[in-house]
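Read the structure below first, then the notes.
There are 2 protein chains.
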Amino acid sequence: MGATVIDVAKIAGVSRTTVSNVFNGRAKCSEETREAVLSAAKQLGYTPNMAAKSLVTNQSHLIGLLLPSYVDNNTLTGSPFYNIILDGMYSVLREDEYYDLMIFCIPPQRVLQDVSAWMDMRNVDGIIAVGEYERSFLDELDGRGIPVVLVDNYALNGWGHFSYLNSDDTRGGYLATKHLIARGFRSIALCTSTLDSPISHKRYEGYRQALQEAGYQEIVLEKIHTPFEGGLALGEEAIQQQVDAAFCTEDMIAVGVMNALLRKGVRIGQDFGLVGFDNLNISAQVYPGLTTIDQNIFAKGAIAAKTLLDILKNDALQGSRFILPVVLVERESA
Amino acid sequence: MGATVIDVAKIAGVSRTTVSNVFNGRAKCSEETREAVLSAAKQLGYTPNMAAKSLVTNQSHLIGLLLPSYVDNNTLTGSPFYNIILDGMYSVLREDEYYDLMIFCIPPQRVLQDVSAWMDMRNVDGIIAVGEYERSFLDELDGRGIPVVLVDNYALNGWGHFSYLNSDDTRGGYLATKHLIARGFRSIALCTSTLDSPISHKRYEGYRQALQEAGYQEIVLEKIHTPFEGGLALGEEAIQQQVDAAFCTEDMIAVGVMNALLRKGVRIGQDFGLVGFDNLNISAQVYPGLTTIDQNIFAKGAIAAKTLLDILKNDALQGSRFILPVVLVERESA
DNA sequence: CTGAAAGCGCTTACAG
DNA sequence: CTGAAAGCGCTTACAG
Chain A
1 MGATVIDVAK IAGVSRTTVS NVFNGRAKCS EETREAVLSA AKQLGYTPNM
51 AAKSLVTNQS HLIGLLLPSY VDNNTLTGSP FYNIILDGMY SVLREDEYYD
101 LMIFCIPPQR VLQDVSAWMD MRNVDGIIAV GEYERSFLDE LDGRGIPVVL
151 VDNYALNGWG HFSYLNSDDT RGGYLATKHL IARGFRSIAL CTSTLDSPIS
201 HKRYEGYRQA LQEAGYQEIV LEKIHTPFEG GLALGEEAIQ QQVDAAFCTE
251 DMIAVGVMNA LLRKGVRIGQ DFGLVGFDNL NISAQVYPGL TTIDQNIFAK
301 GAIAAKTLLD ILKNDALQGS RFILPVVLVE RESA
Chain B
335 MGATVIDVAK IAGVSRTTVS NVFNGRAKCS EETREAVLSA AKQLGYTPNM
385 AAKSLVTNQS HLIGLLLPSY VDNNTLTGSP FYNIILDGMY SVLREDEYYD
435 LMIFCIPPQR VLQDVSAWMD MRNVDGIIAV GEYERSFLDE LDGRGIPVVL
485 VDNYALNGWG HFSYLNSDDT RGGYLATKHL IARGFRSIAL CTSTLDSPIS
535 HKRYEGYRQA LQEAGYQEIV LEKIHTPFEG GLALGEEAIQ QQVDAAFCTE
585 DMIAVGVMNA LLRKGVRIGQ DFGLVGFDNL NISAQVYPGL TTIDQNIFAK
635 GAIAAKTLLD ILKNDALQGS RFILPVVLVE RESA
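Below, the structure is given as structure tokens:
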């Protein structure tokens, strides 16, 4: 609130250097000195000022979290995915009170340049970036020289400061489609926003592979929109095309499809098989429950944070690529 | 990235004071000097370092956001409420690139003392606190001398640095219950986690008032749990008690109740009337759609942020109390 | 309209 | 094991 290292030094009867040393465990010092400093600090309610500390050490202990934009600008609201991944990150950061997260939601109008200036201004020690970004922006990120953890980004290697974290998207698509086939469905559509997104494309590849193995035909239904609303439209489409099952590349799309079908009186699980991807809370909350691919988003957030912290503390190397396993969670929809 | 005020001064051929003046619009200066400084800054890619700035001005341009704990520690995942309110806050902060948010999720084990030290360390300029807190912690918050905006907190007045933001919870409870009565339901339960929470209690008061006016009996069903799981149990309870309608104090509870009832073959909307509170996205995504009380959470977040910024800029006074209107959104569940 | 000097609260070689 | 001194990048009276 006000006490500085000088106040503590005065009361403890030592120099500021010693106070600093005690707090940072730098130089050895006698046990008495240590205790004198600590008790003086406690008495004064002393807390080191990060701004001052940051200025001299050039470490802000701040992590920048980059989140992609959404159609309607409300990144967080758009999908529960972000909640969960944030909770995962905080679960790790909490144990390391030292590091704080600063979120940069990047809406379409906000030029990436602004974001860059922002990171300069706050002097972030590291970055976690979720989703896909322009190549030139990635170049710039890498150019900062600080560690970056990329989550759900399928950019190829070649940068020195990036580490990658993905789910096994292809396998997820494969497992989902295999399950629908095993359940006896024969006309299985893929419902997605757009296959232009690398992540959707990976999931599509798994879908295609499973269909090929079974000798079935692929039916790709795309609809660019916010996930739920897109799903609503895709549900109508699925009925028109007379497919009897769908693998959706996101749970929220599946929830939209389900809603559209229930409205038409289709019995989900019997007449129509539906599998999502993510295992968001909502997939267990709708009725009938949604069968889906669990990608453990919470762990993803935790691992992203852990990876970055380890690199910052020189406990890990940059450049790793980590792929999280996925698993099918069977509920009532297929 | 590296350029300092000195580098800029050198290139522009002026003193650091002048550079600082130009950037902060402090003293008047000739147009030529201004341009020289600006172009030098641009050339060098200069961005003022917040840590240094903060150290001398004693303003961090950091806002601390306090979020309450959840049963399972995963604050954000627990309810989509937080997404939306965050989006609302960011919508305001984005226009004011200068301010950043730092989130403090407060799980049960994290002593409030730690949080306090944290705010000291980061030297936050202001605080937004969502939910209820211990009286002693509120005392301490007020004692910091920085502005605090309390959201969904029903603590009484008496502190000098607090401003309050609430929804019209009582009216919401009243509207919801009135609606169920008008729909012809006669045995209307209130489903909630606990009436010990002031916010639930306010909603309960509206419920009670409406019932009294109609001469109906109140039936309070409580279940302390995460909202959805609690709702599941409350749904069972509602069937046993043979009530024919329920007003739930949160949408997520209502979603749980709905799930439990659908599972028993109850036709929601016809056999059973259900009204929630919040108007989360999920209330429009489940089938049948959930009738609910809209409290415009996005606006709540935006207003909270705006209120704090205005106070920080001396454009507004502390101590205001703002109550947001609520409105009933009719869907299919009642 | 512009600049020299002091200082914000801390850490970091360096000397003792 | 401990301390005096310089310095991190900025702003702020104050003088001119």
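In the order they appear, the protein sequences are chains A and B.
Counting from 1, position 232 in the first sequence corresponds to residue 232 in our numbering; the numbering is continuous, with no gaps.
Counting from 1, position 49 in the second sequence corresponds to residue 383 in our numbering; the numbering is continuous, with no gaps.
For glycine and all other residues, C-beta sits at the position ideal for the given N, C-alpha and C.
What does a CB cutoff of less than 6 angstroms around residue i pick up in its chain, not counting 5 residues either side in sequence?
| i | result |
| --- | --- |
| N358(B) | none |
| S54(A) | S60 |
| T583(B) | T526, S534, R537, F611 |
| A370(B) | A346 |
| L475(B) | V482 |
| A594(B) | L566, G569, E570 |
| P532(B) | Y488 |
| S333(A) | I268, G269, L274, P288, L290, T291 |
| Q316(B) | Given a span of 335 to 668 for chain B in the structure shown, any question on residue 316(B) remains unanswerable. |
Give every residue of the same chain whose Cβ lies closer than 7 angstroms to the Cβ of residue i, excluding the five residues on either side of it in the sequence, and list them in chain order.
| i | result |
| --- | --- |
| I103(A) | L65, L67 |
| T511(B) | I522, G540, Y541, A544, L545, F581 |
| K598(B) | I573 |
| D40(A) | According to the sequence displayed, residue 40(A) carries Ala and not Asp. Same-chain partners within the cutoff: V8, I11, A12. |
Locate the beta strand (DSSP E) running through residue i, then write down its first and last residues.
| i | result |
| --- | --- |
| T177(A) | Note, T177(A): premise wrong, no beta strand (DSSP E); alpha helix (DSSP H) at 169-182. |
| I219(A) | 219-222 |
| L280(A) | Per DSSP, L280(A) belongs to no beta strand (DSSP E) and is neither H nor E. |
| V148(A) | 148-151 |
| T526(B) | 522-526 |
| R537(B) | Not the beta strand (DSSP E): R537(B) falls in the alpha helix (DSSP H), residues 532-548. |
| F632(B) | Note, F632(B): premise wrong, no beta strand (DSSP E); alpha helix (DSSP H) at 631-646. |
| L324(A) | 321-324 |
| V600(B) | First-last for V600(B): undefined, no H or E at that position. |
Which stretch, first to last residue, makes up the alpha helix (DSSP H) that contains residue i?
| i | result |
| --- | --- |
| G623(B) | Element bounds for G623(B): n/a, residue is neither H nor E. |
| V308(B) | No statement about residue 308(B) is possible, as the shown extent of chain B runs from 335 to 668 and does not include it. |
| R26(A) | Per DSSP, R26(A) belongs to no alpha helix (DSSP H) and is neither H nor E. |
| T391(B) | 384-391 |
| I253(A) | 251-263 |
| I84(A) | 81-93 |
| G143(A) | 135-143 |
| A38(A) | In the sequence on display, residue 38(A) carries Leu and not Ala. Unbroken alpha helix (DSSP H) run through L38(A): 31-44. |
CA-CA distance, residue i and residue j?
| i | j | result |
| --- | --- | --- |
| L509(B) | T528(B) | 20 angstroms |
| P147(A) | K223(A) | 36 angstroms |
| D139(A) | I303(A) | 24 angstroms |
| D421(B) | I84(A) | 15 angstroms |
| T57(A) | Y433(B) | 23 angstroms |
| V405(B) | I440(B) | Caution applies to V405(B), whose pLDDT of 46 falls short of 50 and renders its modelled position unreliable; the value that the coordinates give is listed next. About 11 angstroms. |
| Y133(A) | W118(A) | 17 angstroms |
| C29(A) | Y416(B) | 47 angstroms |
| V353(B) | V339(B) | 7 angstroms |
| K640(B) | V426(B) | 6 angstroms |
| I514(B) | H179(A) | The sequence shown places Leu at residue 514(B), not Ile. Rounded to the nearest angstrom, the two C-alpha atoms are 43 angstroms apart. |
| L372(B) | S349(B) | 13 angstroms |
| A254(A) | F471(B) | 44 angstroms |
| S501(B) | Q629(B) | 6 angstroms |
| G319(A) | G301(A) | 18 angstroms |
| Y216(A) | D169(A) | 21 angstroms |
| G492(B) | L499(B) | 16 angstroms |
| D430(B) | N123(A) | 18 angstroms |
| L44(A) | A3(A) | 6 angstroms |
| L651(B) | R478(B) | 17 angstroms |
Rounded C-beta distance between residue i and residue j? I'm assuming under 8 angstroms.
| i | j | result |
| --- | --- | --- |
| V220(A) | M258(A) | With 8 angstroms as the limit, V220(A) and M258(A) do not qualify as a contact, their Cβ atoms being about 19 angstroms apart. |
| N613(B) | D585(B) | 7 angstroms |
| I311(A) | S163(A) | 7 angstroms |
| V449(B) | V464(B) | Contact doesn't hold; Cβ gap of about 13 angstroms is too wide. |
| M455(B) | M50(A) | 5 angstroms |
| E671(B) | L524(B) | Any question about residue 671(B) goes unanswered here, given that chain B covers just 335 to 668. |
| L662(B) | G460(B) | No, L662(B) and G460(B) are not in contact; Cβ-Cβ is about 34 angstroms, not under 8 angstroms. |
| V660(B) | G506(B) | 4 angstroms |
Keeping to the same chain, check which residues put their C-beta closer than 8 angstroms to that of residue i; ignore five residues upstream and five downstream.
| i | result |
| --- | --- |
| A299(A) | G88, L324 |
| R665(B) | S617, A618, P622, G623, L624, T625, T626 |
| E563(B) | G590 |
| P48(A) | V5, F23 |
| D578(B) | F519, R520, S521, I522, D605, F606, G607 |
Runs of alpha helix (DSSP H) lying entirely within the segment 438-467 of chain B, each at least 4 residues, in chain order | 446-456
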